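Trainee:
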Amino acid sequence: MTTSRLRIEALTVGYNHGAVVRGLDITVDPGEVVALLGANGAGKTTTLRTISGLLSARSGSITLDGKDLARLSASGRARAGIAHVPEGRGNFFGLSVAEHLRLRARGERPNVDLVYQYFPRLAGFANRPAGLLSGGEQQMLAIGRALARRPKLLLVDELSLGLAPLVVAELLPVIRQYADESGCGVVLVEQHVQLALATADRAYVLSHGEIVLHDRGERLRHDRDLLMSSYFGEG
Ligand code: ATP
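Just so we're aligned, residue 1 is where the sequence shown starts under full-length UniProt numbering, counting upward by one.
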């Protein structure tokens with residue numbers, strides 16, 4: 001029963017006012033890509049930040065490979081194998097690509113060659129400051145920094161922000177390939193619904209902090225009406 005890489009049960013999270021995520025149940029199996037969809041403000045970012053330990057849950061549980069994460073800080077969770085690529089990417093303007101990839105955030109030795117294998121373009125820009133990269137390349141770097149630590153669970157928040165759909169369509173298959181090859185589970189928060197569903201095995205749609213729809217990516221991709229009605233909280 002507990003074979004899921006990530007298992008979230010009855011998760012409730014809030015800020016000062018009421019709860020913004022309520023009673024969430026989500027699983028991600030090893031090698032699975034799961035999309036978290038929903039309109040602005042639905043609670044997607046809050047969910048990712050709670051998984052990675054940047055926010056505390058009010059109630060519910062989160063386990064990674066059967067291990068309860070409740071008492072682990074954000075850095076403890078990073079050591080346990082959770083990598084979070086935040087919205088906005090978090091790169092440093094003046095630091096080169098290679099310097100970013102070599103950053104030893106938690107004493108681990110990053111696998112820089114692995115990153116260049118998945119993103120050959122970055123290898124050609126190894127000495128270029130991140131600030132001079134295109135938006136798509138900066139996003140490659142942000143994902144690459146996460147992959148360099150060989151995560152068990154990758155959380156990606158709005159990878160497509162400010163990027164052309166063509167660039168997004170180039171990045172998502174790399175994440176899919178990494179999940180397939182490494183067994184890493186992936187939670188993908190994405191506004192490009194069709195691209196996300198083409199990549200994801202399954203998707204959850206959140207509305208006002210609750211899951212209103214959960215199905216296989218393929219099925220949702222071909223049932224636009226069902227998806228749209230849940231997306232906008234109707235029906
Ligand atoms: P978006 O696509 O706009 O990022 P989202 O689905 O990721 O949306 P969240 O960012 O998780 O949604 O926000 C969920 C709710 O929590 C929103 O109503 C938002 O206004 C509120 N919220 C988010 N961050 C904070 C905060 N730091 N303090 C108070 N309320 C917050």
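For glycine and all other residues, C-beta sits at the position ideal for the given N, C-alpha and C.
Since this is a predicted model, take the numbers as computed values, not measurements.
Just to confirm, does Phe-231 get its C-beta within under 7 Å of one of the non-hydrogen atoms of ligand 1?
Mentor: Residue 231 sits at position 231 when you count from the first residue of the sequence shown. Note on residue identity: the sequence assigns Tyr, not Phe, to residue 231. No, since every heavy atom of ligand 1 falls outside the 7 Å radius drawn around the Cβ of Tyr-231.
Trainee: Could you tell me which of Gly-209, Asp-68, His-222 sits nearest to Ala-196, measuring between CA atoms?
Mentor: Position 196 of the sequence shown, counted from the first residue, corresponds to residue 196. Cα-wise, what sits closest to Ala-196 is His-222.
Trainee: Whose C-alpha, out of Leu-122, Glu-9, Tyr-15, Gly-31, is nearest the C-alpha of Glu-181?
Mentor: Reading the sequence shown from its first residue, position 181 is the one you call residue 181. It is Gly-31 whose Cα lies nearest to the Cα of Glu-181.
Trainee: Is the closest heavy atom of ligand 1 to the C-beta of Val-34 under 7 Å?
Mentor: Along the sequence shown, read from residue 1 onward, the residue named residue 34 stands at position 34. No, since every heavy atom of ligand 1 falls outside the 7 Å radius drawn around the Cβ of Val-34.
Trainee: Expressed to the nearest angstrom, what Euclidean distance is found between the alpha-carbon atoms of Thr-50 and Gln-117?
Mentor: Counted from its first residue, the sequence shown places residue 50 at position 50. Counted from its first residue, the sequence shown places residue 117 at position 117. Roughly 31 Å between the two C-alpha positions.
Trainee: Report the CB separation of Ile-8 from Gly-60 in whole angstroms; it is logged as a contact under 8 Å.
Mentor: Locating residue 8 in the sequence shown gives position 8, where the first residue counts as 1. Locating residue 60 in the sequence shown gives position 60, where the first residue counts as 1. Right, the Cβ-Cβ distance comes to about 7 Å (below 8 Å), so this counts as a contact.
Trainee: Skipping 5 residues on each side, what residues in its chain have a beta carbon closer than 6 Å to that of Arg-216?
Mentor: Taking the first residue of the sequence shown as position 1, residue 216 is located at position 216. Excluding positions up to five away in sequence, the list reads Arg-202.
Trainee: In the DSSP assignment, what are the bridge partners of Arg-68?
Mentor: To locate residue 68, count along the sequence shown from 1; it is residue 68. Note on residue identity: the sequence assigns Asp, not Arg, to residue 68. Bridge partners of Asp-68: Thr-63.
Trainee: Within the present structure, is the beta-carbon of Gly-88 separated from the nearest heavy atom of ligand 1 by less than 7 Å?
Mentor: Counting from 1 along the sequence shown, the entry for residue 88 is found at position 88. False, no ligand heavy atom lies under 7 Å from that Cβ.
Trainee: Would you report the Cα separation of Gly-41 and Val-21, rounded to the nearest angstrom?
Mentor: Position 41 of the sequence shown holds residue 41. Position 21 of the sequence shown holds residue 21. Their backbone Cα atoms lie some 10 Å apart in a straight line.
Trainee: Could you check how far apart the C-beta atoms of Lys-44 and Leu-36 are, in whole angstroms? I think they sit under 8 Å.
Mentor: Here residue 44 corresponds to residue number 44 of the sequence shown, with the count starting at 1. Here residue 36 corresponds to residue number 36 of the sequence shown, with the count starting at 1. Lys-44 to Leu-36, Cβ: 5 Å. Contact.
Trainee: Going by CA-CA distance only, name the one from Val-97, Glu-87, Ser-73 that's closest to Leu-188.
Mentor: Taking the first residue of the sequence shown as position 1, residue 188 is located at position 188. Leu-188 has its Cα closest to that of Glu-87, out of Val-97, Glu-87, Ser-73.
Trainee: In the DSSP assignment, find the alpha helix (DSSP H) that holds Ala-83 and state where it starts and stops.
Mentor: The residue labelled residue 83 in the question sits at position 83 within the sequence shown. Counting along the chain, Ala-83 falls outside any alpha helix (DSSP H), though it belongs to the beta strand (DSSP E) covering 82-85.
Trainee: To which residues of the same chain is Ala-146 closer than 7 Å at the C-beta, ignoring the five residues directly before and after it?
Mentor: To locate residue 146, count along the sequence shown from 1; it is residue 146. Result list for Ala-146: Ala-83, Val-85, Leu-154, in chain order.
Trainee: Have a look at Thr-199 and Val-33 and give me their C-alpha separation to the nearest angstrom.
Mentor: Locating residue 199 in the sequence shown gives position 199, where the first residue counts as 1. Locating residue 33 in the sequence shown gives position 33, where the first residue counts as 1. Rounded to whole angstroms, Thr-199 to Val-33 spans 7 Å at the Cα level.
Trainee: Is the closest heavy atom of ligand 1 to the C-beta of Tyr-204 under 7 Å?
Mentor: As a first step, residue 204 is located in the sequence shown; it is residue number 204 there, counting from the start. Because no heavy atom of ligand 1 lies under 7 Å away, the Cβ of Tyr-204 does not count as near it: no.
Trainee: Which runs of the alpha helix (DSSP H) spanning at least 4 residues fall entirely within the region 97-139, listed in chain order?
Mentor: As far as the region 97-139 is concerned, its whole alpha helix (DSSP H) runs of at least 4 residues are 97-102, 112-118, 120-124.
Trainee: Below 8 Å on the Cβ atoms is my contact criterion, and I expect Leu-122 with Gly-144 to pass it. Report the Cβ-Cβ distance as a whole number of Å.
Mentor: Here residue 122 refers to the residue found at position 122 when the sequence shown is read from its first residue. Here residue 144 refers to the residue found at position 144 when the sequence shown is read from its first residue. Sure, about 6 Å apart at Cβ, within 8 Å.
Trainee: With a threshold of 7 Å (Cβ to nearest heavy atom), would Tyr-15 be considered close to ligand 1?
Mentor: Counted from its first residue, the sequence shown places residue 15 at position 15. Flag set: Cβ of Tyr-15 near ligand 1.
Trainee: How many angstroms separate the CA atom of Arg-58 from the CA atom of Leu-48?
Mentor: The sequence position of residue 58 within the sequence shown is 58, counting from 1. The sequence position of residue 48 within the sequence shown is 48, counting from 1. Rounded to the nearest angstrom, the two C-alpha atoms are 15 Å apart.
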